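Each residue of the sequence shown is one higher than the one before, counting from 131 in the working numbering.
We put the beta carbon where it would ideally sit given N, CA and C, even for glycine.
Just so you know, these numbers come straight off a predicted model, no measurement behind them.
See structure below.
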Amino acid sequence: MTEIQSFLAQTVGPFTLQQLATALGIIVLAFIVRAIVNGWIARRLVALAARTKTESDDVAAKALVSPLGWVLPLIGIYLALRVLAVGNEEVLALATKVFMVAMTLVVTWTIFKFIDAVAILAAEQSDKSTNSIDNTLV
131 MTEIQSFLAQ
141 TVGPFTLQQL
151 ATALGIIVLA
161 FIVRAIVNGW
171 IARRLVALAA
181 RTKTESDDVA
191 AKALVSPLGW
201 VLPLIGIYLA
211 LRVLAVGNEE
221 VLALATKVFM
231 VAMTLVVTWT
241 IFKFIDAVAI
251 LAAEQSDKST
261 NSIDNTLV
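Put into structure tokens, the structure is as follows:
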């Protein structure tokens, strides 16, 4: 046991092998969880959306899957950076800012992808309407 502890206490640059192994483990775990969760959610959402007659929910379900696939790896990378930056407040602050920007971009990307679904929903609703102004507006 002491051999393992002494091995993990060795340094590579400013980091110990234990820190590097922990960070790598977090990142790998995040990608594994992403694959499981994304696959499960994608199957469930697409199956639920396929039950309906409208196309807008099919597009919305597919729009959610791609951005959702980025959330867990971003969280994993952020947590790994926090492990590596223990004791370095400047790096922690920078990692937090980068994480916030990345998550904001993912949320924005999701919103833009949902705009297509809203447009399709509006077109479907205007097709059902007998009012010509609906077709003009959409």
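Our two residues, S196 and R181, have alpha carbons roughly 21 angstroms apart in a direct line. Straight across, the Cα-Cα distance linking I156 with A253 is about 44 angstroms. Assigned with DSSP and collapsed to three states, V216 falls in coil, not helix or strand. Excluding residues up to 5 positions away in sequence, A191 lie with their Cβ nearer than 6 angstroms to the Cβ of V176 in the same chain.
The beta-carbon distance between V201 and V236, rounded to whole angstroms, is 6 angstroms. This is short enough to meet the 8 angstroms contact definition. Take A139, set aside five residues on each side of it, and the residues of its chain with a beta-carbon closer than 8 angstroms to its own are T146, L147 and Q148, in chain order.
A straight line joining the alpha-carbon of E185 with that of A225 spans about 40 angstroms. Annotation for T141: L147 place their beta carbon closer than 8 angstroms to its own, counting only its chain and skipping 5 residues before and after. In the structure shown, T141 adopts extended strand secondary structure according to DSSP, grouped into three states.
Cβ-Cβ distances below 7 angstroms link L198 to N168 and I171 in the same chain, with the five nearest sequence neighbours on each side left out; the list follows chain order.
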